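Top to bottom, those sequences are chains A and B.
The letter at position 4 of the first sequence is residue 4 when you use the working numbering, and the numbering goes up by one with no holes.
The letter at position 286 of the second sequence is residue 286 when you use the working numbering, and the numbering goes up by one with no holes.
Backbone N, C-alpha and C define an ideal beta-carbon position, used for all residues, glycine too.
No experiment lies behind these values; they were computed from the predicted model shown.
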Amino acid sequence: MQDERLLLAQIATGDEEALRQLYLAYRPRLRRYLWHQLAGDNASVEDALQEVFLAVWRTAGGYRGEARVSTWLYQITRYVALGVRRRQARQPDALPLDLDEDNDRFPYGPHDAQDWSAANNSCERRALDRVALRDALARLSPRHREALMLVFQHGFSPQEVAQILDVPAGTVKSRISYARKALMRALDLTLTEEARHDA
Amino acid sequence: MTPEIPEMTCAACRELLPWQTADSLTSAERAAVERHLAGCAECQHEVRLWSDIALALADAERTIPPDGGADSGWQALRNHLEPRVPMVVAQRRSSTPLAETALTAAASDAGAPRRFSCPTLAAPAVVILVALIAALFVGFGSRLRQARTPAVSATATPSACAPDALRATIPANGRLSELSMTSARAGWAVGAIASGSDPSTATFTTLMLRFEQCQWAPFGDSIASARLGSISMSSATDGWAVGNTFADANGVNDTLLALHYSGGVWQWVSVPAAPTGVVGAKVRMTSAGDGWMLLDLGGRHVTPYQKQYSYMLLHLQNGVWTPVPLTFDQSGTSILWDIAASSADDCWIVGYDTGNGDSFDVAHYHQGAWTSWSGSQLGVRSAPLYSIAPLAPDDVWVAGQYPYHDASGDHTGPLVLHFDGEKWTRAPLNDFQDESNDHALMALAVQPSGGVWAFTDGFSDPLGHIYIAHDAQEATGGSGAWTWTTGPDHIVWISSVVFVSDHEAFGVAGAGLGSAILHYVNGVWSALP
Numbered sequence: 001m002q003d004e005r006l007l008l009a010q011i012a013t014g015d016e017e018a019l020r021q022l023y024l025a026y027r028p029r030l031r032r033y034l035w036h037q038l039a040g041d042n043a044s045v046e047d048a049l050q051e052v053f054l055a056v057w058r059t060a061g062g063y064r065g066e067a068r069v070s071t072w073l074y075q076i077t078r079y080v081a082l083g084v085r086r087r088q089a090r091q092p093d094a095l096p097l098d099l100d101e102d103n104d105r106f107p108y109g110p111h112d113a114q115d116w117s118a119a120n121n122s123c124e125r126r127a128l129d130r131v132a133l134r135d136a137l138a139r140l141s142p143r144h145r146e147a148l149m150l151v152f153q154h155g156f157s158p159q160e161v162a163q164i165l166d167v168p169a170g171t172v173k174s175r176i177s178y179a180r181k182a183l184m185r186a187l188d189l190t191l192t193e194e195a196r197h198d199a
Numbered sequence: 001m002t003p004e005i006p007e008m009t010c011a012a013c014r015e016l017l018p019w020q021t022a023d024s025l026t027s028a029e030r031a032a033v034e035r036h037l038a039g040c041a042e043c044q045h046e047v048r049l050w051s052d053i054a055l056a057l058a059d060a061e062r063t064i065p066p067d068g069g070a071d072s073g074w075q076a077l078r079n080h081l082e083p084r085v086p087m088v089v090a091q092r093r094s095s096t097p098l099a100e101t102a103l104t105a106a107a108s109d110a111g112a113p114r115r116f117s118c119p120t121l122a123a124p125a126v127v128i129l130v131a132l133i134a135a136l137f138v139g140f141g142s143r144l145r146q147a148r149t150p151a152v153s154a155t156a157t158p159s160a161c162a163p164d165a166l167r168a169t170i171p172a173n174g175r176l177s178e179l180s181m182t183s184a185r186a187g188w189a190v191g192a193i194a195s196g197s198d199p200s201t202a203t204f205t206t207l208m209l210r211f212e213q214c215q216w217a218p219f220g221d222s223i224a225s226a227r228l229g230s231i232s233m234s235s236a237t238d239g240w241a242v243g244n245t246f247a248d249a250n251g252v253n254d255t256l257l258a259l260h261y262s263g264g265v266w267q268w269v270s271v272p273a274a275p276t277g278v279v280g281a282k283v284r285m286t287s288a289g290d291g292w293m294l295l296d297l298g299g300r301h302v303t304p305y306q307k308q309y310s311y312m313l314l315h316l317q318n319g320v321w322t323p324v325p326l327t328f329d330q331s332g333t334s335i336l337w338d339i340a341a342s343s344a345d346d347c348w349i350v351g352y353d354t355g356n357g358d359s360f361d362v363a364h365y366h367q368g369a370w371t372s373w374s375g376s377q378l379g380v381r382s383a384p385l386y387s388i389a390p391l392a393p394d395d396v397w398v399a400g401q402y403p404y405h406d407a408s409g410d411h412t413g414p415l416v417l418h419f420d421g422e423k424w425t426r427a428p429l430n431d432f433q434d435e436s437n438d439h440a441l442m443a444l445a446v447q448p449s450g451g452v453w454a455f456t457d458g459f460s461d462p463l464g465h466i467y468i469a470h471d472a473q474e475a476t477g478g479s480g481a482w483t484w485t486t487g488p489d490h491i492v493w494i495s496s497v498v499f500v501s502d503h504e505a506f507g508v509a510g511a512g513l514g515s516a517i518l519h520y521v522n523g524v525w526s527a528l529p
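Okay, structure coming up:
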């Protein structure tokens, strides 16, 4: 693929081929991001992808080069996803929202004192924890999962995640920290349940 | 010469470990982290934790179905692109802030109407209260100013039901849209029940709850392949509930579902004026014989940048629903989000224009003609409005969001406007400390004595909270003393609130995976168990 900034400049002149290249390059990762944001509703994801690239087509000339092209694209994508969720939530057939798990205000729960390393004292234990961790991730709130995904799956720096989420960089680090604590709480709960079941 | 890297603390190291694991640190940061890790066993354990989290996230990614739609997606996108004159476009763009245009695109076009995501007739609120108030008034003529007279006595007992006696039974996967109260002890709520939690594969049946004897409970039989989105009771013995039936995947053949409550029975009635293709509807009754119904007929792309939205407004008079031309929306690019009716001769609609962003925000129908205001005329260009509460021709409240720009970028903030009959004034939403998260006020509610409440949703808030704004002095004729409180835990949006007295209100809200009945009493908002 050509230089992304050059592609945007070409898109700004009405170059459909440049838009196609950008679309094909970014569709996979933006689709994955939207998949989690829109609760796996494939039709909504496809609609949102189209809206994102229509916005790119319209606004490419306004790209000011202050952020990476990828950061700029994710910013647009987040706004589109936010709009979709905002509207859908007001319909009785809205996407499910698992914000109940969003417990940022109480990140330092009773389980926080437990050290992760204590549960990692054997290979078997770690293998079991991997499964439990995956389950715990599934129960994480959307905004915590979103922050983790942007860091680990999409490779953005703290500053870039902050730009995408439109929050200060410190907030990004807080969310990551909260996510870790929430995972630990959920993981501890899962392991406790398994231990009770085994007993 | 390489500058000396200062020793890191454990706290500083752990803050960077997620990015260390993701390999996205700068070389200097990475070097500092590695140097610290070499001598810190505790932080090494943290590295193992983040590595496991990264692996688990990768596992989660593998649950996403393979993407087989790249080619078809591009073709669909390409079909919406039209040739342009590059220089003209470039010049226009060069003077258009990026984030503003991108944000407008997101705000206006996202969530394109599909079968299961009616874009426009979503949630509003409180206008039902206005209908109730106006209904009380029918016997006294339609002098609107008197609409402040409470539908239920403002001096009623703080709670008609003991708070701990209140219960709500909502079926699994039940999603409520609106409620309408006929007294502090009686009311109705409507919505739909999904067959599963995945809306893309679920089928829907109607949901109706009745409030009596302090219990909200399902009422009557559900209608298959249909949903209810709006309800307005003109009295305890008369009211309408509307929605749509699902006929096909794209909504072209969906039809209006209109239920009329009369004689103690809900009956499915035909509305001949309603066309096919109704994907959503709202109803506001001012009396048993007078009401307004806004039909959402869906939207479609007409240019790469614009959608054409279609609506129909019906007015019930002499027992017949008759179309009223929406002449203020000539371009068809406006989204009509909320409707309110304060009398047989006063209908208000709010929304926003997706075209140039400034042709429509509020419209008022009176004496057979529309008066409309653009965003510029309201003093807030490109500001989507989501809710309206007309108490009188010279006392109208609207709520929404406004775009602004500061050093950290482009944002939107909560917006309330008041119309005094001559001019619109922006309410000073004092002390709202969290404007960095694109909040929008999605619903309004008015106490019988005139106190105004507005509700954000929790989508943009880092903690998922909703926030509630209250103009405390409005009740005593003042203005400007807006205060903010946080909404109940686990409530992520509020779509409809009705005050049954100055001290008590009911609402419908989104809560986690489903809906909840919201209750306000003694100054506290909570979700009913």
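Cβ of residue i within 8 angstroms of any chain A Cβ
{"i": "B/P529", "result": "no"}
{"i": "B/S24", "result": "yes"}
{"i": "B/W525", "result": "no"}
{"i": "B/S274", "result": "As written in the sequence, residue 274 of chain B is Ala, which differs from the Ser given in the question. Judged by the 8 angstroms Cβ criterion, B/A274 is not in contact with chain A."}
{"i": "B/L98", "result": "Any answer about B/L98 is weak, because its pLDDT of 28 lies below 50 and its placement is not dependable; what the coordinates show is given next. Yes, B/L98 lies at the interface with chain A (some Cβ there is under 8 angstroms from its Cβ)."}
{"i": "B/A475", "result": "Caution is warranted here: a pLDDT of 43 is assigned to B/A475, below 50, making its placement in the model unreliable, and the coordinate value is therefore given only provisionally. Cβ-Cβ to chain A under 8 angstroms: no for B/A475."}
{"i": "B/W484", "result": "no"}
Any chain B beta carbon closer than 8 angstroms to residue i
{"i": "A/E16", "result": "yes"}
{"i": "A/R27", "result": "yes"}
{"i": "A/G65", "result": "no"}
{"i": "A/W116", "result": "Per-residue confidence for A/W116 stands at a pLDDT of 31, beneath the threshold of 50, marking its modelled position as unreliable; no derived number is given."}
{"i": "A/Q21", "result": "no"}
{"i": "A/V151", "result": "yes"}
Length of the line joining the Cα atoms of residue i and residue j
{"i": "A/G61", "j": "B/S183", "result": "56 angstroms"}
{"i": "A/E66", "j": "B/H80", "result": "29 angstroms"}
{"i": "A/V161", "j": "B/S449", "result": "46 angstroms"}
{"i": "B/G523", "j": "B/S495", "result": "19 angstroms"}
{"i": "B/L55", "j": "B/Q44", "result": "17 angstroms"}
{"i": "B/S343", "j": "B/H366", "result": "10 angstroms"}
{"i": "B/K282", "j": "B/V271", "result": "14 angstroms"}
{"i": "A/R20", "j": "A/N42", "result": "21 angstroms"}
{"i": "B/A224", "j": "B/S180", "result": "23 angstroms"}
{"i": "B/D502", "j": "B/A454", "result": "15 angstroms"}
{"i": "B/G239", "j": "A/Q75", "result": "45 angstroms"}
{"i": "B/H36", "j": "A/A147", "result": "25 angstroms"}
{"i": "B/L326", "j": "B/L294", "result": "10 angstroms"}
{"i": "B/E15", "j": "B/Y352", "result": "43 angstroms"}
{"i": "B/P163", "j": "B/S526", "result": "10 angstroms"}
{"i": "B/L176", "j": "B/V508", "result": "6 angstroms"}
Environment of residue i [buried if 16+ CB atoms lie within 10 Å]
{"i": "B/C10", "result": "exposed"}
{"i": "A/Y23", "result": "buried"}
{"i": "B/W216", "result": "buried"}
{"i": "B/V498", "result": "buried"}
{"i": "B/N173", "result": "buried"}
{"i": "B/T412", "result": "buried"}
DSSP state of residue i mapped onto helix, strand, coil
{"i": "B/L378", "result": "helix"}
{"i": "B/E178", "result": "strand"}
{"i": "B/A134", "result": "Low confidence applies here, because B/A134 scores a pLDDT of 29, under 50, leaving its location unreliable; read the following figure in that light. Looking at B/A134 - three-state DSSP - the assignment turns out to be helix."}
{"i": "B/H366", "result": "strand"}
{"i": "B/W166", "result": "For the record, residue 166 of chain B in the displayed sequence is Leu; it is not Trp. Residue state, collapsed to three classes: coil."}
{"i": "B/G69", "result": "coil"}
{"i": "A/V167", "result": "coil"}
{"i": "B/E504", "result": "strand"}
{"i": "A/S246", "result": "Nothing about residue 246 of chain A can be reported from this structure: the residues present for chain A run from 1 to 199 only."}
{"i": "B/F211", "result": "strand"}
{"i": "A/P28", "result": "helix"}
{"i": "B/P403", "result": "strand"}
{"i": "B/S270", "result": "coil"}
{"i": "B/Q330", "result": "coil"}
Is the segment 68-80 of chain B in contact with the segment 23-31 of chain A, if contact means three or more CB pairs nearer than 8 angstroms?
-> yes
Contact the segment 42-59 of chain A vs the segment 132-145 of chain A: 3+ CB pairs below 8 angstroms | no
May I ask you to verify whether the segment 315-329 of chain B touches the segment 273-290 of chain B, counting CB pairs closer than 8 angstroms and requiring at least 3?
-> yes
Three CB pairs or more closer than 8 angstroms across the segment 55-70 of chain B and the segment 27-39 of chain B | no
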